[in-house]
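Step one of this worksheet: look at the structure below.
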Amino acid sequence: MAVTIGLLYPALIAGPPGRQAVDVEVGIVGGALLGLMCYLTAIYERARQRRLIRQGMWAPAPPS
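In terms of our numbering, the sequence shown opens at residue 2 and continues consecutively.
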């Protein structure tokens, strides 16, 4: 998911006609930052879930 967001953002910013060089740079940097933010959020959430399971405060739903 993070890779998808990181790739789609530059395409949306730098893709339209009439773009300038700075648009491409902003798209690449912005996409990298958005992808990194999503990746770090996912890592944090997984760690939180493991901690809650370890403390016995939360049990994941069984697979259906």
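Yeah, the Cβ is synthetic: ideal placement off N, Cα and C, and Gly gets one too.
(message) Taking only three categories from DSSP, how would you classify Q21?
(response) Counting from 1 along the sequence shown, the entry for residue 21 is found at position 20. Q21: coil per DSSP, three-state reduction.
(message) Taking 8 Å as the cut-off, does the region 25 to 35 touch the region 54 to 62 (at least 3 CB pairs, one atom from each stretch)?
(response) no
(message) Quick test of your reading: I6 and V27, contact by CB under 8 Å. State the CB separation rounded to the nearest angstrom.
(response) Locating residue 6 in the sequence shown gives position 5, where the first residue counts as 1. Locating residue 27 in the sequence shown gives position 26, where the first residue counts as 1. With 8 Å as the limit, I6 and V27 do not qualify as a contact, their Cβ atoms being about 15 Å apart.
(request) List the endpoints of the continuous alpha helix (DSSP H) containing A12. (result) In the sequence shown, the residue the question calls residue 12 occupies position 11. Segment A3 to A15, the alpha helix (DSSP H) holding A12.
(request) Using only alpha-carbon positions, find the residue among M2, L53, E46 and Y10 that is nearest to G31. (result) The sequence position of residue 31 within the sequence shown is 30, counting from 1. Checked all of M2, L53, E46 and Y10; the closest Cα to G31 is Y10.
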